[in-house]
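Okay, so the sequence shown: first residue is 369 according to my numbering, each after it adds one.
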Amino acid sequence: MSLEFLLVTFPEERSVQANGANVGFTNHTLMLPADEYNVTLSGAGYAPANQDVVLTGTTVMQPRVVIFSKP
369 MSLEFLLVTF PEERSVQANG ANVGFTNHTL MLPADEYNVT LSGAGYAPAN QDVVLTGTTV
429 MQPRVVIFSK P
């Protein structure tokens, strides 16, 4: 199984959950196995509530970017 790269952005640092498991923090490039994930943040006060992503074909220089914002 190959490792893929995910960058979840948010204006402040939050824990990032992928399929319910803590995988790191916002605004840092995260390494995860290639797969499909439902991505959420810890706490409240962000939008959208979750995002579904497919991690494949990424590189450390071109991670899959997921953007959360304050509502």
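We put the beta carbon where it would ideally sit given N, CA and C, even for glycine.
- [ ] Look at the alpha carbon of Met429 and the alpha carbon of Pro379, and state the distance between them as a whole number of angstroms.
- [x] Looking up residue 429 in the sequence shown gives position 61. Looking up residue 379 in the sequence shown gives position 11. Computed Cα separation, rounded: 21 Å.
Task: When Gly411, Asp420, Tyr405 and Leu375 are compared against Thr397, the one with the closest alpha-carbon - done: Against the sequence shown, residue 397 aligns to sequence position 29. Of Gly411, Asp420, Tyr405 and Leu375, the residue nearest in Cα terms is Leu375.
Open item on the list: Comparing C-alpha positions only, which one of Gly388, Ser383, Arg382 and Gly392 sits nearest to Phe373?
Closed with: Taking the first residue of the sequence shown as 1, we reach residue 373 at position 5. Here the closest residue by C-alpha is Gly392.
Task: Assigned secondary structure, Glu380 (DSSP; H/G/I helix, E/B strand, else coil) - done: Numbered from 1 along the sequence shown, position 12 holds the residue referred to as residue 380. Correct three-state label for Glu380: coil.
- [ ] Output the distance between the C-alpha atoms of Asn395 and Gln385, rounded to the nearest integer angstrom.
- [x] The count along the sequence shown starts at 1 and reaches residue 395 at position 27. The count along the sequence shown starts at 1 and reaches residue 385 at position 17. Rounded to the nearest angstrom, the two C-alpha atoms are 13 Å apart.
Task: Where the beta strand (DSSP E) containing Phe393 begins and where it ends - done: Within the sequence shown, numbered from 1, the residue matching residue 393 stands at position 25. Note, Phe393: beta strand (DSSP E), Ala389 to Phe393.
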